[in-house]
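*Asks:*
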Amino acid sequence: MTDPLLAFRQEFPILERSTYLVSNSLGAMPRGVPDRLAEYVDLWAERGVRAWRESWWELPGKVADEVAPLIGAAPGEMVMLPNVTLAQATVLSSLTYEAPRNRIVMTELDFPSVRYVYDHLATRLGAEIVVVPSDDGVTVELDRLLEAIDERTALVAISQVLFRSAYIMDLAAICAKAHSVGALVSADSFHAIGVIPVDVRESGVDFMTGGVLKWLCGGPGGCFLYASAAVRERLEPSLTGWMSHTRPFAFEPDMEYAPGIYRWLGGTPVIPALYAAIEGPRIVRRAGMEAIRAKSMRQTARLIELADARGYEVYAPRDASKRGGTVAFAVPHAYEVSQFLLSRDIVIDYRPKAGIRVAPHFYTKDDELEAAVAAMDEALQSGAWERFAASGAVVT
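Numbering (the numbering used here), first residue to last: 3 to 398.
#1: Considering Cα atoms alone, identify which of D112, Y99, E153 is closest to F165.
#2: Can you tell me the Cβ-Cβ gap for A156 and Y99, rounded? I've got them flagged as a contact below 8 Å.
#3: In three-state terms, what does DSSP make of M245?
#4: To the nearest angstrom, how far is the alpha carbon of A381 from that of D347?
#5: Bridge partners for G213 per DSSP, in chain order?
#6: Would you tell me roughly how many angstroms separate the C-alpha atoms of P84 and F14, rounded to the nearest one?
#7: I'd like to check one pair, F209 with V93: are the Cβ atoms closer than 7 Å?
#8: Spatial neighbours of Q90 within its chain, please: CB distance less than 8 Å, with the 5 preceding and 5 following residues excluded, ordered by chain position.
#9: Tell me where the alpha helix (DSSP H) around S205 begins and ends.
#10: Could you pull the DSSP bridge partners for V158 from this structure?
#11: Can you tell me where the beta strand (DSSP E) holding A392 begins and where it ends?
#12: Just list the alpha helix (DSSP H) runs in the stretch 335 to 381, keeping only unbroken ones of 4 residues or longer that don't cross its boundaries, in chain order.
#13: Tell whether a beta-carbon distance below 7 Å holds between L72 and I195.
#14: For T21 and V272, which I take to be in contact (beta-carbon distance under 8 Å), what is that distance rounded to the nearest angstrom?
#15: So, using beta-carbon positions, are L103 and R154 closer together than 7 Å?
#16: Could you check which residue in G74, E338, A129 has the C-alpha nearest to that of L97?
#17: What does a CB cutoff of less than 6 Å around L61 pick up in its chain, not counting 5 residues either side in sequence?
#18: Would you kindly report the start and end of the unbroken alpha helix (DSSP H) that includes V69?
#19: Taking its Cβ as the centre, do 16 or more other Cβ atoms sit within 10 Å of K355, making it buried, or is it exposed?
#20: Can you name the start and end residues of the beta strand (DSSP E) that M82 belongs to?
#21: Give the DSSP-derived three-state secondary structure of R33 in the structure shown.
#22: Would you be able to state if there are at least three C-beta pairs under 8 Å between the stretch 31 to 41 and the stretch 354 to 369?
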């Protein structure tokens, strides 16, 4: 079977020397990124501070506009921030939490960094955090989540795709329930964008955060915050900065928020990261989300077949429509086995309570999946995993 998506392998140098199955953590770097970073260096060297006026000031919006089509957003509806933790904290800071509407609904399986912000900052602001549990560590029952959303809810802050299991939450149903009781929804879509179709219009989400680090192959430091028309200019984030001011170079002591999406920008952006962030989303758009999703569903299904044939437990939904781009193998001695794979230049990662996460992307060859699982077999059957037992279970 011919796979036209494999033509994009030439865009990613690391694929020439590694079996790269970790795009759920850090996407492969596009070949054009060094040239982009050289543009940044040359502009800074030749133009100095004038680079702000001539290019850099507009970059947080321009780069966001490159990502916008991948979530169904229009130009001017999202802005780039350094990380999702900051983006979610900015959303959090835009609301008041006065009883009785002071609850924030989350799930047990949301990404910990976001949970840290809500557990600590939100409670200082007077919010009560309601955490919806998971029975199996893979999924969160939709009905249980919807029951937790009521007239006391100010915000529902959830992951669209769960980071350990790649379970896809029903974002449209969650938004419908939240809006019916007057609550807002902030979705962390980091593990969704670039591997499953995402549409802010279809879901009705109020805020969406994510980034180019993972499936979009854009590197660290390039994250986004989308704000819908319903909230974009109505709310005022307390976590703010000089670039959110309508007259930033007036350096006035009192805040007057900029119109539009820039009021959500905050302080000075990480300019080099924005240069690096452009190439990956452009390649993903050329590849096409329908083709990427179809291949992902096929390859993750094959991974589950390979696991089942060996009796390996997996942390991933069996229903392909509910499964994102990752299959976690809960093999014995999973951390040590993951280190064996890395020693063979099969690049995966390990997560506690999940195991070895294998994440094929549109540039992955089918035989690379077979090779990865065969290497797990070898590590376990030969006892080679024991060489890595003393290294300690750290995140890879």
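Glycine included, every Cβ here is placed at the ideal spot set by N, Cα and C.
Quick caveat: nothing in here was measured; it's all calculated off a predicted structure.
*Replies:* Judging by the given coordinates:
#1: D112
#2: 6 Å
#3: Reduced to three states, the DSSP call for M245 is helix.
#4: 14 Å
#5: G213 has C225 as its beta-bridge partners, per DSSP.
#6: 24 Å
#7: For the pair V93 and F209, the CB atoms are nearer than the 7 Å cut-off.
#8: V116, V119, Y120, A159, S188, D190, T211
#9: 202 to 205
#10: V107, V187
#11: Here A392 belongs to no beta strand (DSSP E), and DSSP marks it neither H nor E.
#12: DSSP assignment within the stretch 335 to 381 yields the following whole alpha helix (DSSP H) runs of 4 residues or more, N-terminal first: 336 to 345.
#13: yes
#14: That pair is no contact at about 30 Å.
#15: It should be pointed out that residue 103 corresponds to Arg in this sequence rather than to Leu. Cβ distance < 7 Å, so R103 and R154 count as in contact.
#16: A129
#17: L276
#18: 61 to 69
#19: exposed
#20: Run containing M82: 80 to 83, per the beta strand (DSSP E) assignment.
#21: coil
#22: Touching, no, given that fewer than three Cβ pairs across the two stretches are closer than 8 Å.
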